[in-house]
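S.K.: Which chain is which? The protein sequence lines are A and R, in order.
Our numbering applies: residue 242 is where the first sequence begins, and numbers increase by one.
Our numbering applies: residue 242 is where the second sequence begins, and numbers increase by one.
Beta carbons: idealized from backbone N, C-alpha and C, even for Gly.
Submitted below is the structure of interest, expressed as structure tokens.
There are 2 protein chains.
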Amino acid sequence: MDTPVGSGTLYWFIERHREDTGLFMGARRVWTYRSNFQDIAVLETETWGRVLVLDGLVQMTDRDEFIYHEMLAHVPLMTHPDPRRVLIIGGGDGGVLREVLRHPEVTRAVLCEIDPMVIEVVRRHWPEHGAVFDDPRVQVLNEDGNQFVQTTYERYDVVIVDSSDPVSYSRSLFSPHFLAAVRRIVYPSGLYATQCMSLLYHLDFVKGFYRQLQAAFSNVALYTAPVPSYPTGWWNFAMGSIELSFDPDRLPLKGRSIEFLRLTRYYSLEIHRSAFTLPNFLVQELQYAHGTDR
Amino acid sequence: MDTPVGSGTLYWFIERHREDTGLFMGARRVWTYRSNFQDIAVLETETWGRVLVLDGLVQMTDRDEFIYHEMLAHVPLMTHPDPRRVLIIGGGDGGVLREVLRHPEVTRAVLCEIDPMVIEVVRRHWPEHGAVFDDPRVQVLNEDGNQFVQTTYERYDVVIVDSSDPVSYSRSLFSPHFLAAVRRIVYPSGLYATQCMSLLYHLDFVKGFYRQLQAAFSNVALYTAPVPSYPTGWWNFAMGSIELSFDPDRLPLKGRSIEFLRLTRYYSLEIHRSAFTLPNFLVQELQYAHGTDR
């Protein structure tokens, strides 16, 4: 960006993470859209770069999207010995898809994004993401993620939920009904991963969802990563599998292509292992064995 | 707190982390003080609890202070086989001191806080911290930390710098001159630890300080933890020693009292190990061997 902050009008965007606190960003330019599903905005900022906002909540910023997207894609994909068929629910910004496609094992990646306008807006403002949607391995569906998993006959090695938070359209993506359907469409030797909110603001949600996950899958785990533009800047993720072990000290690396590790800015195999170490208060809340299967 | 947010006036406190972005908090009550050194404020908030603000920058909140203070105290203290004599530079809020005193090995803890009014304010608004300052093992000095380390004849097993950011009075605490003095007053078998800013906002500072640290100490390491109320919510720490190994897989636990681990809310020995795993971009920037001595 050529123009220094302060030389022009700043449009102050405010995200209330809770009633009395949140993050603000000064944008030099703002584009707003209204789809059939939500308000969409793109901000051009100095500190965060381009920012994608859905219904008033920051979804992606140039400054920190690499952490969120790398951790939501590479942790499940490196936990699987041969991830060929990947389903992404949500993820219309293309970030998780970009990271998934770095794995040459992947032969088919289905992106089920309910709102086609999100993809249109991303293509316009993040043109470098266009190639991601156009990859021949990719199929983009504009369907409701919950309805899709309830009705599809396809099976997947990895199912990733990259949704907005569990309000409005995304609420169904955190329900027992949804988890039961995911369990049906993921191979027993495959796994499911989802973003799962902040441990400091949404601990009751995380605990409740963890119990649901335990009811749906034999092996479950939580892991965390810093995501500065999300509430509290410290984000939680969850995984579930019927048969696959999540032990980060015994990743099935044999025969895997790991050239992508030269391209990642946050993720590494060491980060993968460390991410499963949960803070003491959560260990106590969940009576959870560190980073290993239950 | 009995009164719900929204039932009364909210005083909006805004911290600009950078020119165009930052955190806001709505306070129901605000107390302000002016010492010889700085503005001091205490906010009463719903989400963050009580908040200590120095010169407009959040220093401590009830919601997340445990992470910062546990990580700045227990990581160095558990790296040392027998930490008896501890010096804390800054730390007037008493949080690091509280955690240091959980170690029965500690026989003397010197707190060198330049501003006595910080301690007065903390005693008034965080009365539970009063006992910490009154512990018979503690000596509180109100001196400039840099001058103190330049002139003292005492030696320490662990020196911890819990300062505000390297502007104004705290700038000298990140200088080569200061590091040389710390090297002199810490036993060769001891170690030094400091807060060290955000990897996402202050990467150039971190890299520069890391080089200074390498010039002053044979063994150096960085580690991170989530601190939601600080800029980017992801904080960095640094350690240095002349002789002590920092390998988190070989902590000198023999004979150590670890009862305090039942009281920590963030820190655990597993968290200690994981905290030294640095993101790929920093590894590349520092050409740094993961979590082990150079």
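#1: Counting only the same chain and skipping the five closest in sequence on each side, list residues whose C-beta sits under 7 Å from that of R:Tyr-395.
#2: In the DSSP assignment, the alpha helix (DSSP H) including A:His-366 goes from what residue to what residue?
#3: Might you give, ordered along the chain, the residues of its own chain that have their beta carbon closer than 7 Å to the beta carbon of A:Ile-355, omitting 5 neighbours on each side?
#4: Is it true that the CB of A:Val-271 sits closer than 9 Å to the CB of A:Asn-285?
#5: Under a Cβ-count criterion, where at least 16 other Cβ atoms within 10 Å of its own Cβ denotes burial, should A:Leu-318 be classed as buried or exposed?
#6: In the DSSP assignment, what residue or residues form a beta bridge with A:Glu-285?
#7: A:Arg-491 lies in the beta strand (DSSP E); which residues open and close that run?
#8: In whole angstroms, what is the alpha-carbon distance linking R:Glu-256 and A:Trp-476?
#9: Quick one: what does DSSP say R:Glu-311 is sitting in, helix, strand or coil?
#10: Pairs of beta-carbons, one from the stretch 431-442 of chain R and one from the stretch 356-367 of chain R, closer than 8 Å: are there three or more?
#11: Indicate whether at least one CB of chain A lies closer than 9 Å to the CB of R:Ser-498.
#12: Take the Cβ of A:Arg-304 as the centre, count every other Cβ of all protein chains shown within 10 Å, and call the residue buried at 16 or more, exposed below.
#13: Under the three-state reduction of DSSP, which class applies to A:Val-347: helix, strand or coil?
#14: Under a Cβ-count criterion, where at least 16 other Cβ atoms within 10 Å of its own Cβ denotes burial, should R:Trp-253 be classed as buried or exposed?
#15: Fully enclosed by the stretch 372-430 of chain A, which alpha helix (DSSP H) runs are 4 residues long or longer?
#16: Determine the chain R residues that contact A:Pro-467 at a beta-carbon separation under 7 Å, and present them in chain order.
#17: Within 9 Å of any Cβ in chain A, is that where the Cβ of R:Phe-522 sits?
#18: Could you compute how far the alpha carbon of R:Gly-290 sits from the alpha carbon of R:Pro-368?
#19: Would A:Leu-338 and A:Phe-374 be called neighbours here (beta carbons separated by less than 9 Å)?
#20: Rounding to the nearest angstrom, what Cα-Cα distance links R:Ile-281 and R:Leu-463 in this structure?
#21: Tell me whether the stretch 416-426 of chain A and the stretch 341-359 of chain A touch, counting them as touching only if at least three CB pairs, one residue from each stretch, are closer than 8 Å.
#22: Answer yes or no: does any C-beta atom of chain R fall closer than 9 Å to that of A:Thr-286?
#23: Where does the unbroken alpha helix (DSSP H) through A:Gln-279 begin, and where does it stop?
#24: On the DSSP letters alone, give me the boundaries of the beta strand (DSSP E) that R:Gly-332 sits inside.
#25: Should A:Ile-499 go down as buried or exposed, given a rule of 16 or more other Cβ atoms within 10 Å for buried?
#26: Would you say A:Phe-265 reaches chain R, if we count a Cβ-Cβ gap shorter than 9 Å as a contact?
#27: Can you find at least 3 beta carbon pairs, one from the stretch 470-484 of chain R and one from the stretch 466-474 of chain A, that sit closer than 8 Å?
#28: Can you pull the chain R residues whose beta carbon is under 9 Å from the beta carbon of A:Asp-406, in chain order?
#29: CB R:Met-266 to CB R:Thr-288, shorter than 9 Å?
#30: Quick one: any contact between the stretch 482-497 of chain R and the stretch 442-450 of chain R, if contact means 3 or more CB pairs under 8 Å?
#31: Exposed or buried, R:Asp-398, counting other C-beta atoms within 10 Å across all chains shown (16 or more means buried)?
#32: I need the boundaries of the alpha helix (DSSP H) containing R:Ser-515, first residue and last residue.
#33: For R:Asp-197, tell me which candidate among A:Pro-407, A:Gly-263 and A:Arg-269 has the shortest Cα-Cα distance.
#34: CA-CA distance, R:Thr-392 and R:Ile-330?
#35: Between A:Phe-218 and R:Arg-343, what straight-line distance do the alpha-carbon atoms span, to the nearest angstrom?
#36: Is the separation between the beta-carbon of A:Thr-320 and that of A:Leu-432 shorter than 9 Å?
M.R.: According to the structure shown:
#1: Looking at the sequence itself, residue 395 of chain R is Glu, so the reference to Tyr does not match. Excluding sequence neighbours, R:Glu-395 sits near Ile-426.
#2: A:His-366: member of the alpha helix (DSSP H) spanning 357-366, first to last residue.
#3: Counting only Cβ-Cβ distances below 7 Å, and skipping sequence neighbours, we find Phe-278, Asn-383, Glu-384, Asp-385, Gly-386 and Tyr-410.
#4: In the sequence as presented, Asn is not what sits at residue 285 of chain A; that position holds Glu. The answer is yes: Cβ separation under 9 Å.
#5: buried
#6: A:Arg-270 and A:Arg-291
#7: A:Arg-491 -> no beta strand (DSSP E), and no H or E assigned at all.
#8: 22 Å
#9: helix
#10: no
#11: So, not an interface residue.
#12: buried
#13: coil
#14: By the neighbour-count criterion, in which 16 or more other beta carbons inside 10 Å mark a residue as buried, R:Trp-253 falls on the exposed side.
#15: 386-392 and 417-426
#16: Pro-467, Gly-474 and Trp-475
#17: yes
#18: Straight-line measurement puts the Cα of R:Pro-368 at about 14 Å from the Cα of R:Gly-290.
#19: yes
#20: 30 Å
#21: Output reads no: the stretch 341-359 of chain A does not touch the stretch 416-426 of chain A.
#22: yes
#23: Taken as a continuous stretch (DSSP letters only), A:Gln-279 belongs to no alpha helix (DSSP H), as it is neither H nor E.
#24: It is not in any beta strand (DSSP E) - R:Gly-332 carries neither H nor E in the DSSP assignment.
#25: exposed
#26: yes
#27: yes
#28: The contacting residues do not exist; A:Asp-406 stays about 17 Å from chain R at best.
#29: yes
#30: no
#31: buried
#32: 510-516
#33: Outside the displayed span of chain R (242 to 535) sits residue 197 of chain R, for which this structure offers no information.
#34: 14 Å
#35: It is not possible to answer for residue 218 of chain A, since the shown part of chain A is limited to 242 through 535.
#36: Here A:Thr-320 is near A:Leu-432, since their CB atoms are less than 9 Å apart.
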